[in-house]
Amino acid sequence: MDYFRVIWTVARKDLLIEMRTRERVAAMGSFVVLVGVLFNYSIDTAIVRPQEIAPGIIWMTIIFGGLLGMGRTFHLEEEDGAFSGVLQTPIPLDALYLGKTAANLVILSLVTVLIFIVFSVFFGLSFGSHPFVLLTVVFLALIGFVGLSTLFSAMSVRTTMGESLLPVLVFPLLIPMVIFGVSATSRLFAGRPVSEVTGSVRMLGAFAILSVAAGALLFRYVVEE
Amino acid sequence: MSGPAPFAVRETDFSGSPTPTLEARGLVREFAGFPAVDGVDFQLDAGRLLAVFGPNGAGKTTLLRILAGGLRPTRGQVLLDGNTVDVGDREWRRRIGVVSHQGFLYGRLTVAENLEFYGRLFGLSDLAERVPERLAAVGLEDRSRSVVRTLSRGMRQRLALARALLHDPEVVLLDEPYTGLDAHAAAILRDVLASLKDGRRTVVLVTHNLGQGLELADRVAIQVAGRFRWIDDRDRVEASTFEAFYRDVVEERA
Amino acid sequence: MTKIIRTCLLAAAILAISSPELSAQGTDLASQTLGRAYWHVFAAYAIGWILVLGWVISIARRLVSVEQAMKGN
Amino acid sequence: MSQDRLRQTGVALAVLGTLGALLVLWMVFFWVPTERTMGIAQRIFYVHVPSAWIAFFAFGIVALCSAVYLWLKDERLDMAALAAAEGGMVFCTIMILTGPLWARVSWGTWWTWEPRLVLTLLLWFIYFSYFLVRNATENPEQGKRFAAVVGIIGVLDIPLIHISVTWMRSLHPEPVVLKPEGPSLDPEMLITLMVGLATATMLFLGLFLMRYTVECLKREVDQRQTGAQAAQGA
Numbered sequence: 001m002d003y004f005r006v007i008w009t010v011a012r013k014d015l016l017i018e019m020r021t022r023e024r025v026a027a028m029g030s031f032v033v034l035v036g037v038l039f040n041y042s043i044d045t046a047i048v049r050p051q052e053i054a055p056g057i058i059w060m061t062i063i064f065g066g067l068l069g070m071g072r073t074f075h076l077e078e079e080d081g082a083f084s085g086v087l088q089t090p091i092p093l094d095a096l097y098l099g100k101t102a103a104n105l106v107i108l109s110l111v112t113v114l115i116f117i118v119f120s121v122f123f124g125l126s127f128g129s130h131p132f133v134l135l136t137v138v139f140l141a142l143i144g145f146v147g148l149s150t151l152f153s154a155m156s157v158r159t160t161m162g163e164s165l166l167p168v169l170v171f172p173l174l175i176p177m178v179i180f181g182v183s184a185t186s187r188l189f190a191g192r193p194v195s196e197v198t199g200s201v202r203m204l205g206a207f208a209i210l211s212v213a214a215g216a217l218l219f220r221y222v223v224e225e
Numbered sequence: 226m227s228g229p230a231p232f233a234v235r236e237t238d239f240s241g242s243p244t245p246t247l248e249a250r251g252l253v254r255e256f257a258g259f260p261a262v263d264g265v266d267f268q269l270d271a272g273r274l275l276a277v278f279g280p281n282g283a284g285k286t287t288l289l290r291i292l293a294g295g296l297r298p299t300r301g302q303v304l305l306d307g308n309t310v311d312v313g314d315r316e317w318r319r320r321i322g323v324v325s326h327q328g329f330l331y332g333r334l335t336v337a338e339n340l341e342f343y344g345r346l347f348g349l350s351d352l353a354e355r356v357p358e359r360l361a362a363v364g365l366e367d368r369s370r371s372v373v374r375t376l377s378r379g380m381r382q383r384l385a386l387a388r389a390l391l392h393d394p395e396v397v398l399l400d401e402p403y404t405g406l407d408a409h410a411a412a413i414l415r416d417v418l419a420s421l422k423d424g425r426r427t428v429v430l431v432t433h434n435l436g437q438g439l440e441l442a443d444r445v446a447i448q449v450a451g452r453f454r455w456i457d458d459r460d461r462v463e464a465s466t467f468e469a470f471y472r473d474v475v476e477e478r479a
Numbered sequence: 480m481t482k483i484i485r486t487c488l489l490a491a492a493i494l495a496i497s498s499p500e501l502s503a504q505g506t507d508l509a510s511q512t513l514g515r516a517y518w519h520v521f522a523a524y525a526i527g528w529i530l531v532l533g534w535v536i537s538i539a540r541r542l543v544s545v546e547q548a549m550k551g552n
Numbered sequence: 553m554s555q556d557r558l559r560q561t562g563v564a565l566a567v568l569g570t571l572g573a574l575l576v577l578w579m580v581f582f583w584v585p586t587e588r589t590m591g592i593a594q595r596i597f598y599v600h601v602p603s604a605w606i607a608f609f610a611f612g613i614v615a616l617c618s619a620v621y622l623w624l625k626d627e628r629l630d631m632a633a634l635a636a637a638e639g640g641m642v643f644c645t646i647m648i649l650t651g652p653l654w655a656r657v658s659w660g661t662w663w664t665w666e667p668r669l670v671l672t673l674l675l676w677f678i679y680f681s682y683f684l685v686r687n688a689t690e691n692p693e694q695g696k697r698f699a700a701v702v703g704i705i706g707v708l709d710i711p712l713i714h715i716s717v718t719w720m721r722s723l724h725p726e727p728v729v730l731k732p733e734g735p736s737l738d739p740e741m742l743i744t745l746m747v748g749l750a751t752a753t754m755l756f757l758g759l760f761l762m763r764y765t766v767e768c769l770k771r772e773v774d775q776r777q778t779g780a781q782a783a784q785g786a
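For the record, the sequence lines run as chains A, B, C and D. Just so it is clear: in the first sequence, position 81 is 81 by our numbering, and no numbers are missing. Convert by adding 225 to the 1-based position in the second sequence; the result is the number in our numbering. Convert by adding 479 to the 1-based position in the third sequence; the result is the number in our numbering. Convert by adding 552 to the 1-based position in the fourth sequence; the result is the number in our numbering.
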């Protein structure tokens, strides 16, 4: 019980700070809208139908925009050494990791909702007839993504290279999320039956569990000095 | 306003135990093969204050971080009541408080939110009473809703002090606590330190400021190049000649 | 070092091209791709040798410098 | 085993491996018959596949040593992981460079999204980030831990990556892809492949041991130097 209270305390603190500053949501949100605008001019709608390539673009926007915000996860901890203070408290480090991951998941979910709104408004996409399946697909993929990027942003903030390291570390590991996420969303967009995406959902679930479990297990080796 | 702070200690611990409370045995910490702390031994009885003096780069902060359980020693061990403590020992963290020149505060949260956050991480249940009480003790009771960023440096230091002592630690570790304090904050710190000397709290104070450290210390150590060059009881030291002696030790003339 | 490598490469190339395989082949495959195919095979093995050799050299250099440092002390 | 023994074993294995590599060269160019459908380019197979095997084998060592290193905090495990990662990177590079050479001839294109090709490319990048984080910290101990974390996460994610790229391909079948290791592998081809695999393994293990002993010596020198510095400073 105590364990979950720690997770909640950490997540709440992060969300409170984000609500006060809106730094990360603002950066990611404007990124998303502007990508929508640039995307419109980067394809010739006379040749390519947006509906056909939208799943790919949406997932790339989630990844790039998401990484933009996730990379800042530990910056708000570094001023005045607050993170050292947190490390001096008697909390389990995996709970600390899970708390920060949860806060990131909430923030990234908001941004993802915005992405879907932007793309449906700009390009008149239809999201198919299985909104809950789509939600599951996106949510599982986000859990996996946030799990990995929270761990690696804790790492990159402690290196001399900083955030520029993050894509090199995270992108190769994101292949399962991209492949199964894109495949499932394009099938759902195209109105295919749900049975065609259950395999993808299962793989995304495995990816999510793997990322978060590995992150919780290894986080302490990243923050330990 | 700044009377003795009401920092209570749990009564069950340290019932006049004859064993040394805090002990370091052959502590060594190397960074990239270079020893920052190089074989430190000491014993500190419960309720006593050890002041560690030393020039910059003597490894004082590293020593303190090892004692605080934030850094794993390359060799040697830290013992509390005769039991070895390890990095990640959560019971150990519950019993220590660290005051550093950094405040460990979130600039975007309010004064009260900071204390409440840390209080929850320490698993304290009486935060509704405890937080205002502690804020009053450091003279910040009317600033509890201010965002920390808007506070002056002195106020932030006082808040940092309240944060470090929020959970009534039995072992208090202070790393250059006087750095950058204004006169008011320094006075409060002195009062708080004096109130910590209630005979049941063990304190290690690391500083290069001889006067302030010597005032309160029971034991005095001088650390040079990672090692304790000298350690003795405070009453064996003459305050008036200590500065000259310190310089002799640092420059290896003693 | 580069001279030796170059000589080796040349020798291997001549051997490869004059190999009887080349003339025996050509019935199954369009003959115009054969020369290029051999060139590709040759390049592949050259890459393998050069990279491994590079690793060997780098290990050897580090070994030498470490041993010098040990003697120096 | 003492360090000297390790080194001798390393040198012996490396020499054996070199002889083996010469043998493979001879077999490939003069002995093994040409594969019927893919022609001469198929001979790249005998360097490509052993490299692939070593690349993955080495990564296994990296991950195993990394995990135990985080657990036991023994420096030697980290040095072993580093040595294996270096070798793995070399063979992974060989594999990535020879793959397209083969693809160009038999499939008519330098790069295809053949799953194993993609998997290796990603493996290469995981190796790459292993070295990147290792050298990007001010505290080397931290760099070692970071690298270990990368190694472990990599080995956990590789099966998933493998499944996804393979699955992806089953969606978009390649036009001409013919598996090199089809059922009709001649005994000569099999022998050549086996010799190639054995050679690569010996070469890798030998060089790995040598690299490891160099790292041990290096650490000794570092320790001695800092010891001397500390003595001077005191």
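Idealized CB from N, CA, C, for every residue including glycine.
Do we get a CB-CB distance below 8 Å when we pair Gly332(B) with the residues of chain A?
Position 107 of the second sequence, counted from the start, is the residue given in the question as residue 332(B). Interface residue, yes.
Just tell me which of Thr309(B), Asn308(B), Leu391(B), Thr286(B) has its CA closest to the CA of Pro402(B). Counting from one through the second sequence, the residue named residue 402(B) turns up at place 177. That would be Thr286(B), whose Cα lies nearest to the Cα of Pro402(B).
*When you compare only the Cα positions, how much space is there between Ala503(C) and Val580(D)?*
For the purposes of this step, residue 503(C) is identified with residue 24 of the third sequence, where counting begins at 1. For the purposes of this step, residue 580(D) is identified with residue 28 of the fourth sequence, where counting begins at 1. Residue placement at Ala503(C) cannot be trusted, given a pLDDT of 43 that sits under 50; what the coordinates show is reported in the next sentence. Straight-line spacing of the CA atoms in Ala503(C) and Val580(D) works out to 15 Å.
Contact set between the stretch 331 to 359 of chain B and chain G, restricted to residues whose Cβ is under 7 Å from the partner:
As a matter of chain content, chain G is missing from the structure shown, whose protein chains are A, B, C and D.
Margin query: Does the CB of Thr788(D) have a neighbour CB from chain A at under 8 Å?
Written below: Only positions 553 to 786 of chain D appear in the structure, and residue 788(D) is not among them; the question remains open.
**Q.** Beta carbon proximity, Ala11(A) to chain B, threshold 8 Å
**A.** Position 11 of the first sequence holds residue 11(A). Judged by the 8 Å Cβ criterion, Ala11(A) is not in contact with chain B.
In whole angstroms, give me the CA-to-CA distance for Val773(D) and Ala548(C). One-based indexing of the fourth sequence puts residue 773(D) at position 221. One-based indexing of the third sequence puts residue 548(C) at position 69. When rounded, the separation of the alpha-carbon atoms in Val773(D) and Ala548(C) is 7 Å.
Exercise. Determine the DSSP secondary structure at Ala446(B), reduced to helix, strand or coil.
Key: Your numbering for residue 446(B) matches position 221 in the second sequence. Strand.
Task: Extent of the continuous beta strand (DSSP E) run through Gln268(B) - done: Translated into positions along the second sequence, residue 268(B) becomes position 43. Per DSSP, Gln268(B) belongs to the beta strand (DSSP E) from 259 to 269.
Could you list which residues in chain D have their beta carbon closer than 7 Å to that of Ile62(A), in chain order? Mapped onto the first sequence, residue 62(A) falls at position 62. Within chain D, not a single residue places a beta-carbon under 7 Å from that of Ile62(A); the smallest gap is close to 17 Å.
*Give a yes or no on whether the C-beta atoms belonging to Gly264(B) and Gly279(B) are separated by under 8 Å.*
As a first step, residue 264(B) must be located in the second sequence, where it is residue number 39. As a first step, residue 279(B) must be located in the second sequence, where it is residue number 54. If you check the CB distance, Gly264(B) and Gly279(B) do not come in under 8 Å.
Check whether Val545(C) and Val563(D) have beta carbons under 8 Å apart:
Within the third sequence, residue 545(C) is the residue found at index 66, counting from 1. Within the fourth sequence, residue 563(D) is the residue found at index 11, counting from 1. Contact: no.
Checklist entry - Which residues in chain A sit within 8 Å of Ile705(D), going by Cβ to Cβ distance? => result On the fourth sequence, position 153 is the one that residue 705(D) refers to. Leu148, Leu151, Leu173, Ala214, Leu218, listed in chain order.
### Message
Applying the 10 Å Cβ sphere with the 16-neighbour rule, what's the burial state of Pro298(B)?
### Response
As a first step, residue 298(B) is located in the second sequence; it is residue number 73 there, counting from the start. When all chains shown are included, Pro298(B) counts as buried.
Is the CB of Glu500(C) under 8 Å away from at least one CB in chain D?
-> Counting from one through the third sequence, the residue named residue 500(C) turns up at place 21. Confidence in Glu500(C) is poor, its pLDDT being 45 and thus under 50, which makes the residue's placement unreliable; the coordinate value appears in the next sentence. Judged by the 8 Å Cβ criterion, Glu500(C) is in contact with chain D.
Open item on the list: Checking the sheet assignment: what are the DSSP bridge partners for Gln302(B)?
Closed with: Sequence index remark: in the second sequence, residue 302(B) carries index 77 (1-based). Paired residue(s): Arg250(B).
Compare the C-beta of Arg315(B) against all C-beta atoms of chain A and say whether one is closer than 8 Å.
Counting from 1 along the second sequence, the entry for residue 315(B) is found at position 90. Judged by the 8 Å Cβ criterion, Arg315(B) is in contact with chain A.
- prompt: For Glu79(A), does the three-state DSSP call read helix, strand or coil?
  reply: The residue labelled residue 79(A) in the question sits at position 79 within the first sequence. Looking at Glu79(A) - three-state DSSP - the assignment turns out to be helix.
Exercise for the section: Alpha carbon to alpha carbon, how far is Val601(D) from Leu634(D)? Give it in angstroms, no decimals. Expected result: Residue numbering aside, residue 634(D) sits at position 82 when the fourth sequence is read from its first letter. Residue numbering aside, residue 601(D) sits at position 49 when the fourth sequence is read from its first letter. Rounded to the nearest whole angstrom, the C-alpha separation of Leu634(D) and Val601(D) is 23 Å.
- Return no unless some Cβ of chain A is closer than 8 Å to the Cβ of Val262(B). Counted from its first residue, the second sequence places residue 262(B) at position 37. Any Cβ of chain A closer than 8 Å to the Cβ of Val262(B) would place that residue at the interface, and such an atom is absent.
Members of the stretch 413 to 426 of chain B near chain A, C-beta cut-off 8 Å:
So the list is empty, because no residue satisfies the distance condition.
CB contact below 8 Å: Leu87(A) versus chain B:
Your numbering for residue 87(A) matches position 87 in the first sequence. With 8 Å as the cut-off, Leu87(A) counts as an interface residue toward chain B.
ask   = Excluding sequence positions up to five away, which residues of its chain have a Cβ less than 7 Å from the Cβ of Cys644(D)?
value = Taking the fourth sequence and counting its residues from 1, the one referred to as residue 644(D) is at position 92. Apart from the 5 residues on each side of it in sequence, Cys644(D) sits with its Cβ closer than 7 Å to the Cβ of Ala607, Thr672, Leu675, Trp676, Tyr679 in its chain, given in chain order.
Review point. What residues match up with Ile456(B) in a beta bridge as DSSP calls it?
Key: Locating residue 456(B) in the second sequence gives position 231, counting from the first residue. Residue pairing by DSSP places Ile456(B) opposite Ala446(B) in a beta bridge.
Return helix, strand or coil for Leu275(B), following the three-state DSSP convention. Indexing the second sequence from 1 puts residue 275(B) at position 50. It is a strand residue.
Q: Mind checking which residues open and close the beta strand (DSSP E) that includes Leu398(B)?
A: Here residue 398(B) is taken as the residue at index 173 of the second sequence, counted from 1. Counting along the chain, the beta strand (DSSP E) containing Leu398(B) begins and ends at 396 to 400.
Closest to Leu622(D) by C-alpha separation, out of Ser716(D), Gln694(D), Ile713(D), Leu708(D), would be which residue? Sequence index remark: in the fourth sequence, residue 622(D) carries index 70 (1-based). Checked all of Ser716(D), Gln694(D), Ile713(D), Leu708(D); the closest Cα to Leu622(D) is Gln694(D).
Exercise for the section: Just the chain C side, please: which residues come within less than 8 Å of Gly639(D) by C-beta, in chain order? Expected result: If you number the fourth sequence from 1, residue 639(D) lands on position 87. Within chain C, Trp534 have C-beta atoms less than 8 Å from the C-beta of Gly639(D), given in sequence order.
For the alpha helix (DSSP H) that contains Thr645(D), what are its first and last residues? Reading the fourth sequence from its first residue, position 93 is the one you call residue 645(D). From DSSP, the alpha helix (DSSP H) with Thr645(D) extends over 627 to 658.
**Asked** Does the beta carbon of Ile646(D) come closer than 8 Å to any beta carbon on chain C?
**Response** As a working mapping, residue 646(D) is identified with position 94 in the fourth sequence. Yes, Ile646(D) lies at the interface with chain C (some Cβ there is under 8 Å from its Cβ).
Next on the checklist: Distance check for Gln775(D) and Ile613(D), CA to CA, integer angstroms please.
Outcome noted: By one-based count along the fourth sequence, residue 613(D) stands at place 61. By one-based count along the fourth sequence, residue 775(D) stands at place 223. When the Cα atoms are used, Ile613(D) and Gln775(D) turn out to be separated by approximately 26 Å.
Check your understanding: How is Gly328(B) classed by DSSP in three states: helix, strand or coil?
Key -> Position 103 of the second sequence, counted from the first residue, corresponds to residue 328(B). Of the three classes helix, strand and coil, the one that applies to Gly328(B) here is coil, per DSSP.
Is the CB-CB distance between Arg426(B) and Glu476(B) below 8 Å? Here residue 426(B) refers to the residue found at position 201 of the second sequence. Here residue 476(B) refers to the residue found at position 251 of the second sequence. For the 8 Å CB-CB criterion, Arg426(B) and Glu476(B) do not form a contact.
Point to revise | CB of Trp534(C) within 8 Å of CB of Gly660(D), strictly | key: Working through the third sequence from its first residue, we reach residue 534(C) at position 55. Working through the fourth sequence from its first residue, we reach residue 660(D) at position 108. In this structure, Gly660(D) does not lie closer than 8 Å to Trp534(C) by Cβ.
Discussion item. Taking 8 Å as the threshold (beta carbon to beta carbon), is Ala632(D) in contact with chain A?
Written reply: Here residue 632(D) is taken as the residue at index 80 of the fourth sequence, counted from 1. No, Ala632(D) lies away from the interface with chain A (no Cβ there is under 8 Å from its Cβ).
Distance CB(Arg378(B))-CB(Gly405(B)) smaller than 8 Å: Position 153 of the second sequence holds residue 378(B). Position 180 of the second sequence holds residue 405(B). Cβ atoms of Arg378(B) and Gly405(B): closer than 8 Å.
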